[in-house]
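Counting from 1, one number per residue, gives the positions in the sequence shown under UniProt numbering. Everything below concerns the one structure shown next.
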Amino acid sequence: MIGTIAEILINRPSKHLNKTFSYKIPDHLSYVGSGWRCIVPFAGKQEEGIILSCHEEEFSHISYKLLEIYDAIDSVPWFTDAMIKTAKWISQYYMCTLIDALRLFLIDKKGIRTEVLYEINWKEIPECEDIWGLIDISVEIISKEDAVLVLGKTRCNRYLAKGFIKETELLQKVYKEPLEEWLAINNKSESESMKRGERQKALWSHLCQIGQDSISNLISAGFSRDVIRRFCRNGNGHLFYRGKKTFSLVENTKSDNPRKLTAEQKYAVEYIIGAVNEERYKGILLYGVTGSGKTEVYLRAAESAIAAGGTVLLEVPEIALTNQMVSYFADYFGDKVVFMHSNLSKGERYNNRQRIANEESSIIIGSRSALFMPFKNLKLIIVDEEYDSSYKQTETPRYNGRDVAKVMAVIYNCPIVLGAATPSVTTFFAAKNKKIELLEMRQRVHRTPLPQIYVYDMRSEADIGHATNLSRPLIDLLRDTVQKNHKAILLLNRRGFAPTLMCKHCGYVFKCTHCDVPLVYHKDKHRLNCHYCESTFPLPRQCPVCSSQDILYLGWGTQRIEEDLKKLLPEAKCCRFDVDSTARKYSAAKILSNFRDGKFDILFGTQMVAKGHDIPGVQSVGILSVDSTLNMPTYLAAEQTFNLITQCAGRAGRNLEQGRVILQTYNTEHYVILTAAKQDYDAFYQQELEYRRTLHYPPFTRLMKITCFNKKESIARNHAEKIYCYIREMLPDIPDYISVTPPYDEPVKKVRNIYNVSLLIKGNTLRRLKLSMQNSKIFQENDIIIDVDPL
């Protein structure tokens with residue numbers, strides 16, 4: 001007998017289950033195929049599985065017993081072929097399990113959940129048992145959770161052993177599709193009951209025209225529940241349930257697009273439209289200075305792709321930027337725009353996903369999670385601020401959203417536009433070497449010159465004992481800005497009030513007990529916070545080492561700057577913009593909206609203030625310190641610092657008047673500071689490229705970091721040593737240039753009581769090494785992290 005066999009991946013995040021299992025598709029589920037989520041028997045339990053492929057086979061040729069799929073979870077396949085291809089690439093390139101990659105496409109990590117129930121066998125329970133007085137005899141089934149609460153764990157275990165209660169499992173969907181009640185007409189011939197009631201006749205006439213309608217619509221039209229019940233009782237109609245219509249989170253308010261394109265914008269739009277019309281992969285770098293109108297280019301290119309019947313994906317690095325971009329696009333496209341990010345509720349994410357699947361919305365804007373939607377006829381992918389480190393996921397699988405988008409463009413056979421005012425060195429290198437196309441926009445939209453950046457040496461402030469991180473020239477600039485009714489932005493990339501607490505007597509630094517990092521003082525909560533594990537501690541009264549009560553609060557955070565601004569500029573209305581002040585849903589959008597509307601004069605905060613905000617009236621920017629970013633232990637420190645300075649400075653003078661920027665630093669002669677002050681990306685690129693060539697960093701090599709972790713430092717280090725020796729033994733058999741560092745402590749070697757020891761691998765290609773690693777048991781352990789293309 002020939003039947004259909006499904007190859008199914010079990011939805012369990014285990015390295016040892018990184019393979020498919022064969023199941024028979026029963027006749028009543030003959031409609032399921034690749035991409036469906038289903039329930040299957042596995043290891044004595046019912047588990048969720050994902051069908052990756054199906055094939056016909058003669059059952060008599062199979063030497064083992066095939067189990068059948070129990071049921072389908074959804075009414076349609078969850079995964080498209082393109083989604084499965086993307087997941088397979090993520091799994092292979094980033095060296096994670098396939099289920100870890102597939103889970104990126106799920107809103108809930110599992111589609112079903114198991115509830116443990118107890119069946120009570122009252123006939124077998126003696127009357128002397130306590131259960132008779134604790135649970136009503138009418139209760140035959142009770143959840144395990146409730147039973148333990150009422151009876152206690154010990155009594156439950158005793159009743160299970162004696163057979164008084166029996167444990168069963170109930171599978172439930174994690175998310176149930178919202179349903180609504182509808183009424184359908186049975187017969188369009190007028191019945192006797194119609195003649196006796198005007199409302200019955202009116203309802204019959206209404207349904208004769210459209211066949212069926214939702215109960216909510218009928219009630220709104222004036223038909224009562226009683227009229228609807230009698231209509232069904234008389235056999236004229238029947239009730240049924242169907243999926244509720246999706247709703248738009250974007251207002252359906254369209255406006256004409258009056259913006260006139262510059263010559264550079266027009267050329268870029270025409271080139272991208274040409275690439276869309278070719279219907280094939282093409283990589284394009286849109287390199288435009290801040291204020292050159294890249295967003296308008298995105299909009300016009302998207303308009304053309306939608307007119308051709310396609311959909312467009314626009315990826316942005318930050319949730320705060322999602323709101324701004326959605327507002328810009330929705331003003332022109334209305335509810336054709338849908339957005340996806342992690343701050344949406346679960347219901348909103350399911351709703352927006354359904355709008356994409358139904359093709360109700362054709363422009364998808366969002367952060368990394370927007371990549372994993374069921375796109376139909378995807379014609380254009382845009383990645384804004386492509387250099388941004390926020391595209392890199394910090395948990396397994398450690399993918400880069402920009403690079404996944406590039407692979408998706410190949411899979412969907414469409415062009416991808418990478419937009420930036422400060423492209424990553426690797427992307428610009430690819431463009432210069434003709435691997436992708438380069439489009440340049442060197443002029444701002446209003447022909448306003450780029451802001452003037454004044455570099456101020458903070459060592460002179462230290463010489464005169466100026467007790468604030470706001471230099472004298474910056475205070476004067478802010479005062480002048482406020483007096484002219486203009487706006488200003490201040491960047492300080494440190495949260496809290498004081499980043500370090502130190503005993504003045506013995507030098508002891510207060511650190512987190514769970515992490516190897518100093519605690520940060522948050523004055524608003526009068527607590528010490530760890531920004532790695534989020535633990536909080538009370539303020540110390542004395543040093544635990546020497547008992548001195550003389551404790552110094554060192555450094556400046558955003559809260560301390562807030563206090564300084566109130567003292568130095570009491571007339572200015574200021575607002576802090578950082579992770580702490582934007583913790584609530586939509587709070588970031590509200591702060592930006594208030595700043596745009598003139599309710600604040602000065603917006604200050606961490607690097608969130610530097611990310612692509614286009615706010616009229618911002619004429620001044622103060623960059624309080626980038627030295628900490630410049631000294632970060634990563635080969636990308638120079639690039640990230642240059643980007644941060646240029647992006648933050650670019651918020652100033654975006655309309656008709658040139659902006660003014662003060663850059664405070666202790667490293668005035670550093671090439672990053674010098675080139676950023678001139679906003680000379682080309683000079684920075686050439687200098688940085690030479691350093692990377694000399695030190696064998698990307699784009700000249702590929703990187704992979706392996707981190708071993710354990711609660712015991714010695715175990716983590718021994719494991720790292722074994723991996724180091726193993727890789728060294730493998731290298732002679734791999735015909736590629738590859739080097740590996742000996743194990744080293746991470747800059748923060750302990751986080752959440754876990755020690756981390758790493759080794760870094762460099763190579764002109766890592767493909768063969770990855771293949772060897774995938775086939776080795778040493779890399780199947782659960783206490784290692786493999787990070788491909790680490791930041």
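Glycine is no exception: its CB is placed at the ideal position from the N, C-alpha and C atoms.
- request: Can you check the UniProt domain "Helicase C-terminal" (538-692) for any beta strand (DSSP E) of at least 3 residues that lies completely inside it and give the ranges in chain order?
  value: 551-554, 574-577, 602-605, 618-625 and 660-665
- request: Inspect the beta-carbon positions of Ile381 and Ile416 and report whether they are closer than 8 Å.
  value: The sequence position of residue 381 within the sequence shown is 381, counting from 1. The sequence position of residue 416 within the sequence shown is 416, counting from 1. Yes, the Cβ-Cβ distance between Ile381 and Ile416 is below 8 Å.
- prompt: Can you tell me where the alpha helix (DSSP H) with Phe42 in it begins and where it stops?
  reply: On the sequence shown, residue 42 is found 42 positions in, with the first residue counted as 1. Here Phe42 belongs to no alpha helix (DSSP H); instead the beta strand (DSSP E) covers Arg37 to Phe42.
task: Name, in chain order, the residues that DSSP records as bridge partners for Ile754.
output: The residue given as residue 754 occupies position 754 in the sequence shown. In DSSP, Ile754 forms a bridge with Val751.
query: Is the CB-CB distance between Asn493 and Gln607 below 8 Å?
result: On the sequence shown, position 493 is the one that residue 493 refers to. On the sequence shown, position 607 is the one that residue 607 refers to. If you check the CB distance, Asn493 and Gln607 come in under 8 Å.
query: Ala184 and Gly222: beta carbons closer than 8 Å?
result: If you number the sequence shown from 1, residue 184 lands on position 184. If you number the sequence shown from 1, residue 222 lands on position 222. The Cβ-Cβ distance between Ala184 and Gly222 does not fall below 8 Å.
Contact belief for Glu385 with Gly419 at Cβ below 8 Å, rounded distance in angstroms: What you label residue 385 is simply residue 385 of the sequence shown in a count that begins at 1. What you label residue 419 is simply residue 419 of the sequence shown in a count that begins at 1. Contact between Glu385 and Gly419 holds: CB atoms are separated by about 7 Å, below the 8 Å threshold.
message: Just list the residues that DSSP pairs Arg242 with in beta bridges.
response: Within the sequence shown, residue 242 is the residue found at index 242, counting from 1. In the DSSP assignment, the residues bridged to Arg242 are Glu180.
- prompt: To which residues of the same chain is Leu511 closer than 7 Å at the C-beta, ignoring the five residues directly before and after it?
  reply: Looking up residue 511 in the sequence shown gives position 511. The residue asked about is misnamed: residue 511 is Lys in this sequence, not Leu. Excluding residues within five positions, the ones whose Cβ falls inside 7 Å are Val517, Pro518 and Leu519.
task: Have a look at His526, His28 and Glu47 and flag the residue whose alpha-carbon is nearest the alpha-carbon of Arg12.
output: Translated into the one-based positions of the sequence shown, residue 12 becomes position 12. Comparing Cα positions, the closest option is Glu47.
query: Residues in its own chain within less than 6 Å of Glu437 by CB, not counting five upstream and five downstream?
result: Counting from 1 along the sequence shown, the entry for residue 437 is found at position 437. Hits under 6 Å: Ile284.
query: Does DSSP put Met502 in a helix, in a strand, or in coil?
result: Position 502 of the sequence shown, counted from the start, is the residue given in the question as residue 502. Here Met502 sits in strand by DSSP.
message: Can you look up Leu17 in the DSSP assignment and give me helix, strand or coil?
response: The residue you call residue 17 lines up with position 17 of the sequence shown. Leu17 falls in the helix class under three-state DSSP.
field: Beta-carbon proximity of Trp556 to Asn631, cut-off 8 Å
entry: As a first step, residue 556 must be located in the sequence shown, where it is residue number 556. As a first step, residue 631 must be located in the sequence shown, where it is residue number 631. Not closer than 8 Å, so no.
query: Taking one C-beta from the stretch 449-460 and one from the stretch 651-664 each time, how about it: are there three or more such pairs within less than 8 Å?
result: yes
field: Short CB-CB distance (under 8 Å) between Gly366 and chain B
entry: Among the protein chains of the structure shown there is no chain B, as only one such chain exists.
- request: With a cut-off of 8 Å on the beta carbons, I'd call Asp789 and Leu703 a contact; round off their distance for me.
  value: The count along the sequence shown starts at 1 and reaches residue 789 at position 789. The count along the sequence shown starts at 1 and reaches residue 703 at position 703. Confirmed, Cβ separation roughly 6 Å.
- prompt: Are the stretch 167-183 and the stretch 200-215 touching, with three or more C-beta to C-beta distances below 8 Å?
  reply: They touch, by the three-pair rule.
field: Pair within 8 Å by beta-carbon distance, Lys573 and Asp597
entry: For the purposes of this step, residue 573 is taken as the residue at position 573 of the sequence shown. For the purposes of this step, residue 597 is taken as the residue at position 597 of the sequence shown. No.
- request: Decide if the stretch 525-533 is in contact with the stretch 470-485; the criterion is three or more beta carbon pairs, one per stretch, under 8 Å apart.
  value: no
task: Hey, could you find the ends of the beta strand (DSSP E) Ser214 is sitting in?
output: In the sequence shown, counting from the first residue as 1, residue 214 sits at position 214. Per DSSP, Ser214 belongs to the beta strand (DSSP E) from Gln212 to Ser214.
message: Once the 5 residues before and after Ile319 are set aside, which same chain residues still bring their CB inside 8 Å of it?
response: In the sequence shown, the residue the question calls residue 319 occupies position 319. So the qualifying residues of the chain are His341, Ser342, Asn343, Ser367 and Ala588.
- request: Report, in whole angstroms, the separation of the C-beta atoms of Phe339 and Asn352, which I expect to be a contact under 8 Å.
  value: Taking the sequence shown and counting its residues from 1, the one referred to as residue 339 is at position 339. Taking the sequence shown and counting its residues from 1, the one referred to as residue 352 is at position 352. With a Cβ gap of about 7 Å, Phe339 and Asn352 count as contacting.
query: Comparing alpha-carbon positions, which option in Tyr93, Asn413 and Arg447 lies nearest Leu261?
result: As a first step, residue 261 must be located in the sequence shown, where it is residue number 261. Among Tyr93, Asn413 and Arg447, the Cα nearest to that of Leu261 is on Arg447.
task: Could you pull the start and end residues of the alpha helix (DSSP H) that Gly347 belongs to?
output: In the sequence shown, residue 347 corresponds to position 347, counting from 1. Counting along the chain, the unbroken alpha helix (DSSP H) around Gly347 starts and ends at Lys346 to Ala357.
- prompt: Looking at the unbroken alpha helix (DSSP H) that takes in Gln774, where does it start and where does it end?
  reply: Translated into positions along the sequence shown, residue 774 becomes position 774. Secondary structure note for Gln774: its alpha helix (DSSP H) is the uninterrupted segment Arg767 to Gln774.
- request: Identify whether Arg702 lies in helix, strand or coil by the three-state DSSP scheme.
  value: Reading the sequence shown from its first residue, position 702 is the one you call residue 702. Of the three classes helix, strand and coil, the one that applies to Arg702 here is strand, per DSSP.
task: Given a cut-off of 8 Å, decide if Ile489 and Arg654 are closer than it, judged by their beta-carbon atoms.
output: Here residue 654 is taken as the residue at index 654 of the sequence shown, counted from 1. Here residue 489 is taken as the residue at index 489 of the sequence shown, counted from 1. No, Cβ-Cβ distance for Arg654 and Ile489 is not below 8 Å.
field: Three-state secondary structure assigned by DSSP to Gly288
entry: As a position in the sequence shown, residue 288 is number 288, starting the count at 1. In this structure, DSSP gives Gly288 an extended state, which the three-state scheme calls strand.
query: Residues bridged to Thr4 by DSSP?
result: Residue mapping note: residue 4 aligns to position 4 of the sequence shown, counting from 1. According to DSSP, which records beta bridges pairwise, Thr4 is partnered with Glu56.
message: As an exercise, report each continuous beta strand (DSSP E) stretch of at least 3 residues that is fully enclosed by the stretch 122-182, in chain order.
response: Those beta strand (DSSP E) runs which fall completely within the stretch 122-182 and span 3+ residues are 141-143 and 165-173.
message: Please return the same chain residues whose Cβ sits closer than 7 Å to the Cβ of Tyr271, not counting the five positions on each side in sequence.
response: Along the sequence shown, read from residue 1 onward, the residue named residue 271 stands at position 271. Close CB contacts of Tyr271 within its chain, under the 7 Å cut and outside five residues either way in sequence, are with Leu439 (chain order).
- request: Grab me the residues of Ile142's own chain with a C-beta within less than 6 Å of its C-beta, minus the 5 sequence neighbours each way, in chain order.
  value: Your numbering for residue 142 matches position 142 in the sequence shown. Around Ile142: Tyr118.
message: I believe Ala676 touches Phe642 by the beta-carbon criterion, under 8 Å. Please report the beta-carbon distance rounded to the nearest angstrom.
response: Taking the first residue of the sequence shown as position 1, residue 676 is located at position 676. Taking the first residue of the sequence shown as position 1, residue 642 is located at position 642. Contact flag correct, Cβ pair sits at about 5 Å.
task: Give the DSSP bridge partners of His522, in chain order.
output: Against the sequence shown, residue 522 aligns to sequence position 522. DSSP links His522 through a beta bridge to Arg527.
field: In chain order, each alpha helix (DSSP H) run of at least 4 residues that lies wholly inside the stretch 267-350
entry: The qualifying runs are 294-307 and 319-333.
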